[in-house]
Structures are given as C-alpha cells and as structure tokens.
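Enquirer: The structure is given below, and queries will be raised subsequently.
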Amino acid sequence: MDKEAESAEQKESTERPKWDNKVQYLLTCIGFAVGLGNVWRFPYLCQIYGGGAFLIPYLIALVLEGLPLLHMELAIGQRLRMGSVGVWNSISPYLGGLGVASLVVSFLVGLFYNMILAWVLWYFFHSFQSPLPWRDCPLNLNHTGYVTECEKTSSVNYFWYRETLNITPDIQTSGSLQWWLVLCLASAWCLVYICFIRGIETIGKATYVTATFPYLVLTIFLVRALTLSGAADGLIYLFTPNWETLKNPQVWLDAATQIFFSLSLAFGGLIAFSSYNPQKNDCERDAVIVGCVNSFTSIYASIPIFAILGFKANEDYNDCRNWNILTLTNAFNIGDENITLENYDDWFHYLNTTNPSVVESLDLKTCNLQTFLDQSASGTGLAFIVFTEAVIKMPGSQVWAVLFFIMLFSLGLSSMFGNLEGVLTPLLDLHMVPLWIPKEIFTGLMCLTSFAVALIFTMGSGNYWLEIFNSYVGSVPLLIIAFFEIISVVYIYGINRFNDDIEWMTGRRPNLYWQVTWRFISPFMLFVVFVAYVVISAKQRPTYNAWNPDYVHFPLAEVLHYPEWVFAICVLLCTLPVISIPLVAGYKFSGFLKKYIMNRHNQNPYANELTNDVEL
Numbered sequence: 054m055d056k057e058a059e060s061a062e063q064k065e066s067t068e069r070p071k072w073d074n075k076v077q078y079l080l081t082c083i084g085f086a087v088g089l090g091n092v093w094r095f096p097y098l099c100q101i102y103g104g105g106a107f108l109i110p111y112l113i114a115l116v117l118e119g120l121p122l123l124h125m126e127l128a129i130g131q132r133l134r135m136g137s138v139g140v141w142n143s144i145s146p147y148l149g150g151l152g153v154a155s156l157v158v159s160f161l162v163g164l165f166y167n168m169i170l171a172w173v174l175w176y177f178f179h180s181f182q183s184p185l186p187w188r189d190c191p192l193n194l195n196h197t198g199y200v201t202e203c204e205k206t207s208s209v210n211y212f213w214y215r216e217t218l219n220i221t222p223d224i225q226t227s228g229s230l231q232w233w234l235v236l237c238l239a240s241a242w243c244l245v246y247i248c249f250i251r252g253i254e255t256i257g258k259a260t261y262v263t264a265t266f267p268y269l270v271l272t273i274f275l276v277r278a279l280t281l282s283g284a285a286d287g288l289i290y291l292f293t294p295n296w297e298t299l300k301n302p303q304v305w306l307d308a309a310t311q312i313f314f315s316l317s318l319a320f321g322g323l324i325a326f327s328s329y330n331p332q333k334n335d336c337e338r339d340a341v342i343v344g345c346v347n348s349f350t351s352i353y354a355s356i357p358i359f360a361i362l363g364f365k366a367n368e369d370y371n372d373c374r375n376w377n378i379l380t381l382t383n384a385f386n387i388g389d390e391n392i393t394l395e396n397y398d399d400w401f402h403y404l405n406t407t408n409p410s411v412v413e414s415l416d417l418k419t420c421n422l423q424t425f426l427d428q429s430a431s432g433t434g435l436a437f438i439v440f441t442e443a444v445i446k447m448p449g450s451q452v453w454a455v456l457f458f459i460m461l462f463s464l465g466l467s468s469m470f471g472n473l474e475g476v477l478t479p480l481l482d483l484h485m486v487p488l489w490i491p492k493e494i495f496t497g498l499m500c501l502t503s504f505a506v507a508l509i510f511t512m513g514s515g516n517y518w519l520e521i522f523n524s525y526v527g528s529v530p531l532l533i534i535a536f537f538e539i540i541s542v543v544y545i546y547g548i549n550r551f552n553d554d555i556e557w558m559t560g561r562r563p564n565l566y567w568q569v570t571w572r573f574i575s576p577f578m579l580f581v582v583f584v585a586y587v588v589i590s591a592k593q594r595p596t597y598n599a600w601n602p603d604y605v606h607f608p609l610a611e612v613l614h615y616p617e618w619v620f621a622i623c624v625l626l627c628t629l630p631v632i633s634i635p636l637v638a639g640y641k642f643s644g645f646l647k648k649y650i651m652n653r654h655n656q657n658p659y660a661n662e663l664t665n666d667v668e669l
C-alpha cells in the first residue's frame with residue numbers, strides 16, 4: 054500500500070462514524086442476524102424433518118456455508134470501510150452491480166418485513182383487552198348467534214383473516230386499504246425512523262434493548278412453558294430424531310437455505326455494519342460469535358415454543374375427548390358412574406362392545422394426540438394463529454400475549470436496522486445524496502417512500518402479495534448475490550490479498566478451514582442449492598392458499614394457481630434485484646471497449662490521414 058493510499062485511508066477513517074464500543078457492534082450484528090425466522094421457521098423445519106435429525110444438515114450448512122460467508126462479509130466491509138456498493142465497485146468496476154443488487158434486495162425485503170411488524174403492533178394493541186379479542190367469535194348483527202364465517206372455522210382464524218387482514222377470496226380481488234393496518238404500518242415506520250434517525254449513533258443504543266429483550270422473554274416463556282401440562286409431549290415430538298428423513302434431499306436443501314437466510318447474508322447490512330469498525334479488529338472472532346449465537350437462538354427458541362404447542366395439543370386432545378364424553382353420557386343416560394378423561398378408554402371399549410351400532414351412529418370425533426401435534430405451522434400461521442390459540446388457554450393470557458408480541462417486534466425491529474442500513478450506507482458512500490439534504494431528512498424521505506410503496510400490503514389482498522415478496526425476493530436473488538460475492542473475493546480481489554488483509558487486521562492468517570471453504574466448498578454449495586431450487590420450482594406451477602368463505606371445503610384453504618400476470622411479477626421480483634449485475638458489468642465493459650478503441654486510434658500514426666481519406 055503506497056503512502057497516498059494510506060493517507061487517504063486514514064482521512065476516511067477519521068471522518069467515518071464509529072461504534073461507541075464493541076458490544077454495540079456485536080449486538081447490532083446479532084440483532085440483524087437473529088430475526089423472526091429463528092422463532093417461526095426453524096422450529097417448523099425441525100418438526101417436519103424429524104426433530105433432532107434436522108440439526109445434522111443444519112449444523113453442517115452452518116460450518117461449510119454460513120460461517121465462511123459471514124466471515125467474508127464482515128472482513129471485506131471492515132477492510133474497505135464502505136457499504137456494499139462501494140466495496141464491490143472498489144474491488145472491480147465491473148462488480149458495481151453486485152452492490153446495487155444487495156441494495157435493491159434490502160429495500161424490497163424491508164417493505165414487507167415492516168408490514169409484519171405492523172401486524173405485530175395490531176395484535177400487541179389488542180393484547181391488553183380482557184378477554185383477548187380472538188378468544189370468542191363475535192355476535193352477528195341480530196345478536197341471535199355468532200357470525201357464520203367464524204362458526205365455520207375458529208375465533209382465532211376469524212380474528213386473523215377477517216378482523217385483521219379482511220382478506221379477499223383471491224389475489225385478483227384487491228380490496229380496499231384497511232385503515233387500521235395503514236395506521237399500524239405508519240407507526241412501525243415511525244419507530245424505525247426514530248431508532249435510525251442518526252445512523253449507528255442511535256442504532257447502537259437501540260440494540261441494547263432490541264437485541265437483548267427477546268432473550269429475556271424467551272427465558273420467561275421457557276420457565277413458564279416447562280410447567281405446563283403436555284409440555285413434555287411437545288419437546289419429545291420436537292427432538293425425537295427420524296433418521297429416515299436424512300435420505301430426503303429436500304431436508305438438506307432447506308437446511309442450507311435456512312442457515313443462509315437466518316444469518317442475513319448478501320443483504321449488504323453486515324458489510325455496512327462492519328465498515329464502521331476500526332480496521333484493527335478481530336473480524337474472525339466476530340463472525341464465529343454472531344454465527345453461533347444465531348444458531349443457539351434458533352434452538353433455544355424452539356424449546357419454549359414446542360413446549361407451549363405440546364400444551365395446546367393436549368388441551369385440544371382433552372377437548373375432543375370431553376366432547377365425546379358428553380355425547381356418550383347423553384346418549385346412554387349415564388348418571389351415577391361418570392365418564393372421565395381417566396376412564397374414557399374403558400367406557401368407550403365397554404359401550405362399543407355392548408352397543409356398537411349406537412356408538413357408530415353418534416359420529417364421535419377421532420381423538421389422537423399425534424394428530425394434534427402434527428398440526429404444525431410456520432411463519433405468520435405460527436405467530437398469529439397457532440400461538441395465539443395456545444395463549445388463550447394459558448392462565449394470565451393477556452400477560453403472555455403482550456410479552457410474545459413485544460418479543461416479535463424486538464426481533465423484527467433489530468432486523469429492520471440491517472435492511473435499512475443496507476440501503477442508506479451505499480447511497481451515502483457513493484455521494485448520491487445531495488449535500489444540502491441532512492442525513493436525518495434523507496432517512497425520513499426513505500422511510501416515507503417505503504411506507505407509501507408498502508401500502509399494497511394493507512389492502513385486502515395484501516397478505517397474498519406479502520407471501521410473493523417473501524418467496525421470490527428473499528430467495529433466489531440472495532443465492533445469486535452470495536455466489537458472486539465469494540467468487541469476487543476469492544478469484545478477482547484475490548484470496549492471497551484477502552488473506553494478507555485479514556492477517557493485517559487480526560494479527561493471524563486464516564487457517565486451512567477458511568481457505569478450503571472460501572475457495573471450493575462454499576461456492577459449490579451455493580451453486581448446488583441454487584440449481585436445486587430452480588429445478589424444484591420449475592417442476593410445478595406456483596400456487597397459493599386463498600381464504601374463501603364460499604369454498605366448498607372451507608375452512609380449509611383453497612389452493613389456487615397464480616394468474617399469468619401475477620406469475621410474471623413473481624419472475625420480475627426474482628430478476629429485478631440481480632439484473633444490475635450483468636447490466637453494470639456490460640456498461641463498464643462497453644466504456645472500456647470504447648476507450649480502448651479510441652486509444653488505439655490515437656496511437657495509430659496514420660489515423661488522421663486515414664480519416665481525411667475517408668472524408669474525401
């Protein structure tokens with residue numbers, strides 16, 4: 054490194070903001086990595102893929118894919134001290150589109166991610182009511198009974214789909230803006246802006262709460278959940294390994310994608326956060342801490358969640374048996390000797406043996422604990438349906454509901470910091486913000502613009518569009534970006550140069566593990582996961598679950614294919630973020646080619662004579 058570069062680097066280092074301390078930086082990175090997916094997707098994958106058996110491919114993906122990419126992003130951001138666009142543009146002008154791709158993905162993901170926070174706020178506000186508003190079905194207009202749609206399904210489903218979303222029967226029916234969701238969305242963006250108003254100065258202080266509070270709530274839930282009846286059934290169901298599932302290639306694919314998205318790689322936020330570090334910092338240790346804490350959180354969150362779901366399954370199982378007990382008692386006029394949950398099986402066997410035709414005519418429910426445990430849910434279904442139903446069965450339900458939704462909001466808010474940082478830092482580094490606009494004003498304009506665009510999610514069809522954004526923006530584009538990131542560092546920036554940088558920053562050279570994963574294993578895994586994802590997606594036309602009260606099998610979801618114009622938007626959302634990669638590279642190459650031709654033309658001693666001959 055020459056003296057001019059060193060002096061320029063020192064000047065930039067003094068001008069660039071810095072974290073107040075190392076704890077702020079680590080908490081911010083952990084808060085960005087640990088998000089809603091740790092709470093509502095990881096437990097779901099553990100459940101459907103054989104409990105403890107899923108941990109094997111998950112941990113393999115963490116070691117061979119997650120940690121190497123995490124270390125690389127933290128190291129390159131810390132060394133070059135720029136946002137995602139500046140980092141890749143400085144490595145090579147042809148890679149400028151890579152940073153733009155991360156910027157676009159962060160912007161699009163932030164749109165729907167904050168809508169989820171708006172839903173969380175809506176439930177949080179209602180959690181103070183006694184009884185909880187989703188406990189019972191509302192009365193109809195004549196007060197002669199309950200609303201028919203609610204009676205067909207359940208009070209929890211009705212509150213979510215009708216009173217919260219007011220969802221339309223399909224994606225082609227847009228519906229109107231739901232004013233209560235608009236207000237909640239505005240509140241969510243205001244809170245994000247307040248925490249983000251002065252960049253890392255306010256983010257760092259906010260993360261003391263947003264990154265640590267979820268662990269406090271999870272611990273409280275853990276202590277309470279383990280005391281609930283049926284908690285052991287939920288934990289046994291979660292951690293009992295089914296080794297046969299490891300033969301399913303889909304398990305390995307989901308494990309690889311889960312660890313990738315769980316660590317928030319390729320968004321640009323981690324690069325931006327590490328750029329505010331002093332260059333003499335142990336980024337390798339930071340990567341290991343953030344990666345391990347993230348995975349520990351996923352496992353730690355699964356324990357109270359499935360303990361509570363085990364409690365819910367037992368409650369549903371007992372409710373089912375109580376309904377049968379009441380039916381049998383009325384049918385056989387059993388008085389002196391009562392049928393109880395403890396002797397139900399003996400009574401049922403006796404009555405079914407002595408009066409099989411009568412028992413068969415009663416149309417009793419099939420009560421199977423395993424069936425209730427199998428009723429798993431992921432994403433919004435877990436947070437706003439399954440868990441809320443479990444909460445109403447717990448003593449002091451309001452307290453648990455408030456704590457649960459505060460925890461979800463804290464998790465989502467800290468992740469939003471990374472998404473917004475992945476947009477603002479590159480724009481500020483490239484001086485794309487006019488000097489006469491203060492950073493606080495520009496941040497506010499960015500939040501306002503995002504709020505305006507995200508209004509699509511507050512319509513009656515908003516939930517359908519949010520699922521599209523979640524499925525197509527947060528999947529293929531991130532895999533492509535990460536693949537090009539690691540190829541760029543290893544084979545364009547140069548792995549030896551990168552190793553020298555890390556040795557200069559940390560005082561030691563990366564060991565064999567980092568070398569092998571960066572050079573071969575991680576890019577190979579990313580390529581395989583991308584190809585497998587595309588192949589699986591290409592085999593079938595995408596569908597979605599529609600909430601249609603007129604559907605014959607309601608309350609089951611009506612499975613519909615996306616219309617052609619919606620499918621075209623899905624493809625657009627996959628390609629829009631990454632199209633900048635070839636476009637910028639092509640633009641830079643055309644400029645280089647034009648400059649090369651002009652230089653060759655100027656170096657030709659006969660160029661002017663040839664030009665004059667052509668003119669004559």
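First residue of the sequence shown? That's 54 in the working numbering, and the numbers climb one at a time after it. Heads up, the beta-carbon is just placed ideally off N, CA and C, and yes, glycines get one too. The structure displayed is predicted, hence computed values, not measured ones.
Among residues of its own chain, excluding the 5 on either side of MET460, which ones have a beta-carbon nearer than 6 Å to its beta-carbon?
Expert: Excluding sequence neighbours, MET460 sits near PRO267, VAL270.
Enquirer: I'd like to know whether the C-beta atoms of VAL341 and ILE83 end up nearer to each other than 8 Å.
Expert: No; because the gap between Cβ atoms is not below 8 Å, this pair is not in contact.
Enquirer: Tell me, which residues are paired with GLU611 by DSSP?
Expert: Answer is ALA599.
Enquirer: Which stretch, first to last residue, makes up the alpha helix (DSSP H) that contains ASN655?
Expert: Per DSSP, ASN655 belongs to the alpha helix (DSSP H) from 633-656.
Enquirer: Output the boundary residues of the alpha helix (DSSP H) element that contains ILE622.
Expert: From DSSP, the alpha helix (DSSP H) with ILE622 extends over 617-628.
Enquirer: Taking PHE458 as the reference, give the member of ASN142, LEU381, ALA171, ASP223 with the closest Cα.
Expert: Here the closest residue by C-alpha is ALA171.
Enquirer: Between which residues of its own chain and GLY283 is the CB-CB distance below 6 Å, once the five residues before and five after are set aside?
Expert: Contacts found: GLY363, PHE364, ASN367.
Enquirer: Using a 10 Å radius around the Cβ and a threshold of 16 neighbouring Cβ atoms, would you call ASP399 buried or exposed?
Expert: Burial call: exposed.
Enquirer: Can you give me the C-alpha to C-alpha distance between MET651 and CYS336, rounded to a whole angstrom?
Expert: Roughly 44 Å between the two C-alpha positions.
Enquirer: What would DSSP say about MET168, mapped onto helix, strand or coil?
Expert: DSSP places MET168 in helix when its eight states are reduced to three.
Enquirer: Leaving out the 5 sequence neighbours to the left and right, which residues in its chain are closer than 8 Å to PHE181 when beta-carbon positions are compared?
Expert: Closer than 8 Å at the Cβ level, and outside the excluded window around PHE181, lie GLN451, VAL455.
Enquirer: Take LEU161 and list the residues in its own chain whose beta-carbon comes closer than 6 Å to its own, dropping the five residues that flank it on each side.
Expert: Here the set comprises VAL526.
Enquirer: Looking at the strands, I want to know which residues DSSP matches up with MET512.
Expert: For MET512, which the question treats as bridged, DSSP gives the partners LEU230.
Enquirer: Could you pull out every residue in the same chain whose Cβ sits closer than 7 Å to the Cβ of ALA308, ignoring the five residues on either side in sequence?
Expert: Excluding positions up to five away in sequence, the list reads PHE107, PRO110, TYR111, ALA114.
Enquirer: Name the residue from TYR102, LEU306, ILE358, GLU493 whose alpha carbon lies nearest to the alpha carbon of VAL588.
Expert: Comparing Cα positions, the closest option is LEU306.
Enquirer: Determine the closest residue to ILE263 out of GLY287, LEU379, SER467, PRO96, with distance taken between C-alpha atoms.
Expert: Just to set this straight, residue 263 is Thr in the shown sequence, not Ile. Of the candidates GLY287, LEU379, SER467, PRO96, the one whose C-alpha sits nearest the C-alpha of THR263 is SER467.
Enquirer: Does the separation of the CB atoms of GLU556 and ARG550 fall below 8 Å?
Expert: No; because the gap between Cβ atoms is not below 8 Å, this pair is not in contact.
Enquirer: Per DSSP, which one or two residues make a beta bridge with LEU192?
Expert: Bridge partners of LEU192: TYR199.
Enquirer: Pull up the distance between the alpha-carbon of SER590 and that of ASN334, whole angstroms please.
Expert: Near 42 Å, if we compare the C-alpha coordinates of ASN334 and SER590.
Enquirer: In the DSSP assignment, the alpha helix (DSSP H) including CYS345 goes from what residue to what residue?
Expert: Note, CYS345: alpha helix (DSSP H), 336-385.
Enquirer: Going along the chain, which residues of its own chain have a beta-carbon closer than 6 Å to the beta-carbon of ASN193, five neighbours each way excluded?
Expert: Counting only Cβ-Cβ distances below 6 Å, and skipping sequence neighbours, we find VAL200.
Enquirer: Between which two residues does the alpha helix (DSSP H) harbouring TYR397 extend?
Expert: Taken as a continuous stretch (DSSP letters only), the alpha helix (DSSP H) holding TYR397 covers 397-407.
Enquirer: Does the beta-carbon of ASP73 have 16 or more other beta-carbons within 10 angstroms, so that it is buried, or is it exposed?
Expert: Flag for ASP73 reads exposed.
Enquirer: Using only the alpha-carbon positions, how far apart do ALA505 and TRP141 sit?
Expert: Each residue's Cα considered, the two are about 30 Å apart.
Enquirer: Could you tell me whether the Cβ atoms of ILE534 and VAL631 are closer together than 8 Å?
Expert: Yes; because the gap between Cβ atoms is below 8 Å, this pair is in contact.
Enquirer: Out of GLU118, TYR102, GLU611, which has the shortest C-alpha to C-alpha gap to ARG572?
Expert: The shortest Cα separation from ARG572 among GLU118, TYR102, GLU611 belongs to GLU118.
Enquirer: Using only the alpha-carbon positions, how far apart do PHE178 and SER503 sit?
Expert: Their Cα atoms are separated by approximately 23 Å.
Enquirer: Note down the Cα distance separating ILE220 from GLN231, rounded to an integer number of angstroms.
Expert: If I take the Cα positions, the gap works out to 10 Å.
Enquirer: Would you mind stating whether SER541 and LEU151 have Cβ atoms separated by less than 8 Å?
Expert: Going by C-beta atoms, SER541 is nearer than 8 Å to LEU151.
Enquirer: Taking the alpha helix (DSSP H) that TYR111 belongs to, which residues open and close that run?
Expert: Taken as a continuous stretch (DSSP letters only), the alpha helix (DSSP H) holding TYR111 covers 108-114.
Enquirer: Please state the DSSP three-state secondary structure of HIS124.
Expert: HIS124 falls in the helix class under three-state DSSP.
Enquirer: Taking the alpha helix (DSSP H) that SER467 belongs to, which residues open and close that run?
Expert: Its alpha helix (DSSP H) spans residues 450-482.
Enquirer: Got a sec? Which residues, its chain only, sit under 6 Å from THR293 by beta carbon, not counting five neighbours each side?
Expert: Here the set comprises GLY104.
Enquirer: With a Cβ-Cβ cutoff of 8 Å, do GLY322 and ASN472 count as a contact?
Expert: Result yes, Cβ atoms of GLY322 and ASN472 sit closer than 8 Å.
Enquirer: Are TYR604 and ILE224 close, meaning C-beta to C-beta below 8 Å?
Expert: Contact: no.
Enquirer: Could you pull the start and end residues of the alpha helix (DSSP H) that GLU442 belongs to?
Expert: From DSSP, the alpha helix (DSSP H) with GLU442 extends over 440-444.
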